[in-house]
Amino acid sequence: MRTITFKRSIVIGLFISFLFLILLVRIFYVQIINNDFYVTEAKKTWERAERIEAYRGQIFDRNSELLAGNEPAYNLSINPQLINDLKIKDEIVDGLISILPIKREYLISLIEKKQDKDEYYKQVEVRNGGWLLNSSQKDLINNLDLKIKKEIKKIDIGIIITAVQKRSYPNKELSSQIIGYVNKDR
5 MRTITFKRSI VIGLFISFLF LILLVRIFYV QIINNDFYVT EAKKTWERAE
55 RIEAYRGQIF DRNSELLAGN EPAYNLSINP QLINDLKIKD EIVDGLISIL
105 PIKREYLISL IEKKQDKDEY YKQVEVRNGG WLLNSSQKDL INNLDLKIKK
155 EIKKIDIGII ITAVQKRSYP NKELSSQIIG YVNKDR
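5 is the number of the first residue of the sequence shown in the numbering used here; add one for each residue after it.
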């Protein structure tokens with residue numbers, strides 16, 4: 005009876021030792037042989053960069069009336085390099101000055117803007133600090149973009165619109181000095 009129990013104990017011990025040996029071989033394979041692969045995979049996870057926009061909060065008075073809030077707006081940028089490569093400067097200028105209150109000469113100077121190495125910039129904001137277009141202007145610019153894309157049969161023509169948040173003040177300038185920034189033009 006004792007010999008059967010002893011034999012069973014040895015078989016179970018050998019089985020557990022075999023499983024432990026398999027585990028050690030796998031650990032050796034992962035940590036020593038395949039080390040480079042797992043280190044690069046781990047770095048991809050650790051070093052991933054995500055842009056998280058921090059939107060400004062709304063400000064209310066003691067009666068829960070909105071003093072300062074946010075509304076969607078859009079910045080307009082252009083890609084002078086692409087516009088000049090495609091030779092569509094006149095179409096872009098004519099289209100944008102029909103939509104925006106901007107001088108033709110200023111817009112042409114942006115499209116012809118070059119870096120130190122005599123290369124065109126890849127992205128230039130149409131107005132420093134952003135234009136903050138409303139949605140109807142954005143729609144008109146998108147329609148212009150689509151129209152020119154169809155004419156020249158290209159996917160990108162160098163008009164870039166990015167969504168941002170614009171600070172809005174329902175009471176206009178009432179207590180704006182206390183609340184904060186009202187408008188760049190004022």
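Even for Gly, the Cβ is constructed at its ideal location relative to N, Cα and C.
Rounded to the nearest angstrom, the Cβ distance from A72 to Q62 is 7 Å, consistent with a contact under 8 Å. Cβ-Cβ separation between L148 and I103: approximately 7 Å, consistent with a contact (criterion under 8 Å). I92 and I152 do touch by the CB rule: their CB atoms are close to 6 Å apart, below 8 Å. Around the beta carbon of I82, 16 or more other beta carbons sit within 10 angstroms, so the residue counts as buried. With contact defined as three or more Cβ pairs closer than 8 Å, the region 167-180 and the region 117-133 are not in contact. Between the C-alpha atoms of F19 and Y33 there is a straight-line separation of about 21 Å.
Of the residues I182, N175, K158 and I8, the one whose Cα lies closest to the Cα of D89 is K158. Distance from the CA of T44 to the CA of L25, rounded to the nearest whole angstrom, comes to 27 Å.
As the crow flies, the alpha-carbon of F64 is around 42 Å from that of I96. Between L70 and the set V15, P174 and I182, the nearest pair of CA atoms involves P174.
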